[in-house]
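Undergrad: Take any residue in the sequence shown, note its place counting from 1, add 56, and you have its number in this note's numbering.
We put the beta carbon where it would ideally sit given N, CA and C, even for glycine.
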Amino acid sequence: MRSLLTNYLSAAVLVFASGILATQVVAKESLIDMDNARVGGFGGPLFKVSQIQNEQTFEIGGMGGATFTTGKHSIMLGGGGYGLVNELGWNNGDKLDMGYGGLMLGYTYDPEALVHVDTTLLLGAGGVTTIDTDTDISDTGSFLITELSAAVEVNLTEFLEIGVGGAYRLASDPSLPGLNSNDLSKPSVFISFQFGSL
57 MRSLLTNYLS AAVLVFASGI LATQVVAKES LIDMDNARVG GFGGPLFKVS
107 QIQNEQTFEI GGMGGATFTT GKHSIMLGGG GYGLVNELGW NNGDKLDMGY
157 GGLMLGYTYD PEALVHVDTT LLLGAGGVTT IDTDTDISDT GSFLITELSA
207 AVEVNLTEFL EIGVGGAYRL ASDPSLPGLN SNDLSKPSVF ISFQFGSL
């Protein structure tokens, strides 16, 4: 009886040990193989047209980051920021200014193809200021922002990409009189220029 119990225990230990060894040998399948990924970097300007309430806005900014590419999959980690080029008329002669920025996470399928699609998520914060033009007194509010964008990009050269795309900006309430999250949460279209390499 003792011999039979010993055999069962030995077999159980052997099976358990084999399972542990198997999990150590087999690599976990993933989208990006970080051990063999090509690391690159990029940066460049972006020009955007959007709205605040029903007023047309023109924004300029920049983005940059590091890319990690294996096969046809590439992810990006970086940051970006944007600000208004035009001061908006606001509340009977007041002016409004806004800017925002944050961390960016992006994914591109087959970035080496002549034409490819890029998607990006920006998580950050911003500020908006209203200025009384008669007294020069300003009031400032801040907001959190989530912006999701997608663009079609063309590789013009080995080091330059041009992209055209759209985005949606989702902002929290800036706590300013006459301005709420719906006024800031708007779609946009943009053109981007990216310099760098994979």
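G158: which of Q109, P233, G117 sits nearest, CA to CA?
TA: Answer by Cα proximity: G117.
Undergrad: What residue range does the beta strand (DSSP E) around S194 cover?
TA: Residues 194-211.
Undergrad: Express the C-alpha separation of E209 and L177 in angstroms, rounding to a whole number.
TA: Cα to Cα, the separation comes out at about 16 Å.
Undergrad: Report the three-state DSSP secondary structure of L235 (helix, strand or coil).
TA: Three-state result, L235: strand.
Undergrad: What's the call for S198, buried or exposed, on a 16-neighbour Cβ count within 10 Å?
TA: Exposed: under 16 other Cβ atoms inside 10 Å.
Undergrad: Indicate the three-state DSSP secondary structure (helix, strand or coil) for L240 in the structure shown.
TA: Of the three classes helix, strand and coil, the one that applies to L240 here is helix, per DSSP.
Undergrad: Quick check: the region 186-198 against the region 159-176, are there 3 or more CB pairs under 8 Å?
TA: Because the criterion of three Cβ pairs below 8 Å is not met, the region 186-198 and the region 159-176 do not touch.
Undergrad: Rank R225, L102, Y156 by C-alpha distance to the C-alpha of F246 and give the top, closest one.
TA: Ranking R225, L102, Y156 by Cα distance to F246 puts L102 first.
Undergrad: Going by DSSP, what residues sit across from V105 in a beta bridge?
TA: DSSP lists F114, V245 as partners of V105.
Undergrad: So, E111 versus L144, is the Cβ gap smaller than 7 Å?
TA: Contact flag set, yes.
Undergrad: Closer than 6 Å by C-beta to T185: which residues in its own chain qualify, once you throw out the five before and the five after it? Chain order, please.
TA: Counting only Cβ-Cβ distances below 6 Å, and skipping sequence neighbours, we find D153, S194, T196.
Undergrad: In chain order, what residues of the same chain lie with their CB nearer than 6 Å to the CB of E203, ignoring the 5 residues before and after it?
TA: Answer for E203: L178, A223, R225, listed in chain order.
Undergrad: May I ask you to report which of helix, strand or coil DSSP gives E217?
TA: Strand at E217.
Undergrad: Kindly identify the DSSP beta-bridge partner or partners of S253.
TA: For S253, which the question treats as bridged, DSSP gives the partners G97.
Undergrad: Going by other Cβ atoms of all chains shown within 10 Å of its Cβ, with 16 needed for buried, is G234 buried or exposed?
TA: By the 10 Å Cβ count, G234 comes out exposed.
Undergrad: Is it the case that the Cβ atoms of F249 and I218 are separated by a distance below 7 Å?
TA: Closer than 7 Å, so yes.
Undergrad: Nearest to N211 by alpha carbon, out of S237, N238, V173?
TA: Taking only the C-alpha atoms, the option nearest N211 is V173.
Undergrad: Taking the straight line between their C-alpha atoms, what separation do you get for A161 and M132?
TA: The sequence as given places Leu at residue 161; Ala does not occur at that position. Spanning the two alpha carbons is a distance of roughly 6 Å.
Undergrad: My output table needs one value for K128: the three-state DSSP class, helix, strand or coil.
TA: Correct three-state label for K128: coil.
Undergrad: Within a Cβ cutoff of 7 Å, which residues of the same chain sit near S241, ignoring the five residues on either side of it in sequence?
TA: R225, L226, A227.
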